[in-house]
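**Q**
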Amino acid sequence: YKWLSGVGIKGVDFIGIYKGQQLFLIEVKNYRRRNERQLPEHLIPDSSALGQAFADKILDSLQVIQTIIGYLKRRWWYAMAHKIVSQLPSRYGWRWDWYFWSQAQQLIEQHPDRVRIVLWLEEAQSVLESSGSIKGELEAVVSTQLNHLSFSRIEVMNIRQNSLEGINCQLAMPNNYSNS
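Following the numbering used here, the numbering of the sequence shown begins with 27 at its first residue and continues without gaps.
1. Just to confirm my understanding: we take LEU172, look at its own chain, exclude 5 residues before and 5 after, and list those with CB closer than 8 angstroms. What are they?
2. As an exercise, report each continuous alpha helix (DSSP H) stretch of at least 4 residues that is fully enclosed by the region 79-151, in chain order.
3. Answer yes if the region 89-98 comes into contact with the region 125-132, meaning at least three C-beta pairs across the two stretches below 8 angstroms, and no otherwise.
4. With a threshold of 8 angstroms on Cβ separation, who are the neighbours of ILE43 within its own chain once the five nearest residues in sequence on each side are excluded?
5. Please report the Cβ distance between LEU147 and LYS55, rounded to the nearest whole angstrom; I am assuming they are in contact, meaning their Cβ atoms lie under 8 angstroms.
6. On the DSSP letters alone, give me the boundaries of the beta strand (DSSP E) that GLN48 sits inside.
7. Just how far apart, CA to CA, sit VAL141 and ALA166?
8. Please say whether VAL38 and ILE52 have beta carbons closer to each other than 8 angstroms?
9. If we count the other Cβ atoms within 10 Å of its Cβ and call it buried at 16 or more, is GLY119 buried or exposed?
10. Measure the alpha-carbon distance for LEU98 versus LEU76 and round it to whole angstroms.
11. Rounded to the nearest angstrom, how far is the Cβ of SER87 from that of ILE41, given a contact under 8 angstroms?
12. For GLY77, which of helix, strand or coil comes out of DSSP?
13. On the CB-based measure, 16 or more other CB atoms within 10 Å of its CB, does LEU145 come out buried or exposed?
14. Starting from ILE180, follow its DSSP beta bridges and name the residues at the other end.
15. From the DSSP output, which residues share a beta bridge with GLY42?
16. Whole angstroms are fine: how far does the CA of MET106 sit from the CA of GLN136?
17. Just verifying my parser: in three-state terms, what is the DSSP assignment at VAL33?
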């Protein structure tokens with residue numbers, strides 16, 4: 027789908043399907059400082075700007091999925107392949123990328139309660155301490171921007187607080203890492 031490249035679309039970092047039952051749209055932002063040369067904390071966007079950028083990426087990602095499905099439906103082989111693969115156990119379909127996109131679209135249309143939108147936000151410790159609940163602010167902004175969608179929830183997580191069942195997350199850090 028290289029034809030989508032360079033057209034101004036900004037999608038989320040990861041789109042995944044967990045056990046064929048849940049669609050994940052995951053955006054990762056890492057504002058932790060590892061050394062003095064990294065982004066100064068006063069340049070970290072406020073929660074409304076970050077929330078708006080996140081909402082835009084979600085909407086663009088959903089549009090990309092619809093565009094890919096539209097493209098596939100115009101291919102002569104798609105309907106036939108989809109019909110054949112739908113008769114097989116689901117493990118066979120995952121061999122082809124078109125099946126992934128079909129499953130993603132099906133979850134969006136038929137099971138919006140199984141769509142999980144995640145902002146994985148790693149912040150510098152002083153940002154957390156000074157801003158109180160940046161996570162709560164972000165959830166409010168993003169929920170407001172995406173309120174016309176019927177997805178069950180928008181989640182803001184980090185390495186210390188996450189609810190990704192069955193997924194173990196670790197932050198790779200160099201030996202001289204400073205937590206501030």
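Just so you know, even glycine gets a beta-carbon here, dropped at the ideal spot from N, CA and C.
**A** Answer, in terms of the structure:
1. What you label residue 172 is simply residue 146 of the sequence shown in a count that begins at 1. Same-chain partners within the cutoff: ALA81, ILE84, LEU85, ILE143, ILE180.
2. Qualifying alpha helix (DSSP H) stretches, in chain order: 104-112, 116-119, 123-136.
3. Contact holds: three or more Cβ-Cβ distances are below 8 angstroms.
4. As a first step, residue 43 is located in the sequence shown; it is residue number 17 there, counting from the start. Around ILE43: LEU49, PHE50, PHE126, GLN129, ALA130, LEU133.
5. Position 121 of the sequence shown, counted from the start, is the residue given in the question as residue 147. Position 29 of the sequence shown, counted from the start, is the residue given in the question as residue 55. At roughly 5 angstroms, the Cβ-Cβ gap stays under 8 angstroms, so LEU147 and LYS55 are in contact.
6. For the purposes of this step, residue 48 is identified with residue 22 of the sequence shown, where counting begins at 1. First-last of the beta strand (DSSP E) with GLN48: 48-56.
7. Here residue 141 corresponds to residue number 115 of the sequence shown, with the count starting at 1. Here residue 166 corresponds to residue number 140 of the sequence shown, with the count starting at 1. When only Cα atoms are considered, VAL141 and ALA166 end up about 18 angstroms apart.
8. Reading the sequence shown from its first residue, position 26 is the one you call residue 52. Reading the sequence shown from its first residue, position 12 is the one you call residue 38. Yes. Within cutoff.
9. On the sequence shown, residue 119 is found 93 positions in, with the first residue counted as 1. Label assigned to GLY119: buried.
10. Working through the sequence shown from its first residue, we reach residue 98 at position 72. Working through the sequence shown from its first residue, we reach residue 76 at position 50. Using only the alpha carbons, I get a separation of about 33 angstroms.
11. Walking along the sequence shown from the start, residue 87 turns up at place 61. Walking along the sequence shown from the start, residue 41 turns up at place 15. A Cβ-Cβ separation of about 6 angstroms places SER87 in contact with ILE41 under the 8 angstroms criterion.
12. As a position in the sequence shown, residue 77 is number 51, starting the count at 1. When secondary structure is reduced to three states using DSSP, GLY77 falls in the helix class.
13. Walking along the sequence shown from the start, residue 145 turns up at place 119. Buried.
14. Here residue 180 corresponds to residue number 154 of the sequence shown, with the count starting at 1. The partner list for ILE180 (beta bridge, DSSP) reads ILE143.
15. On the sequence shown, position 16 is the one that residue 42 refers to. Looking at the DSSP assignment, GLY42 forms a beta bridge with PHE50.
16. Within the sequence shown, residue 136 is the residue found at index 110, counting from 1. Within the sequence shown, residue 106 is the residue found at index 80, counting from 1. Cα to Cα, the separation comes out at about 21 angstroms.
17. The residue given as residue 33 occupies position 7 in the sequence shown. The three-state reading of DSSP puts VAL33 in coil, since its state is none of H, G, I, E or B.
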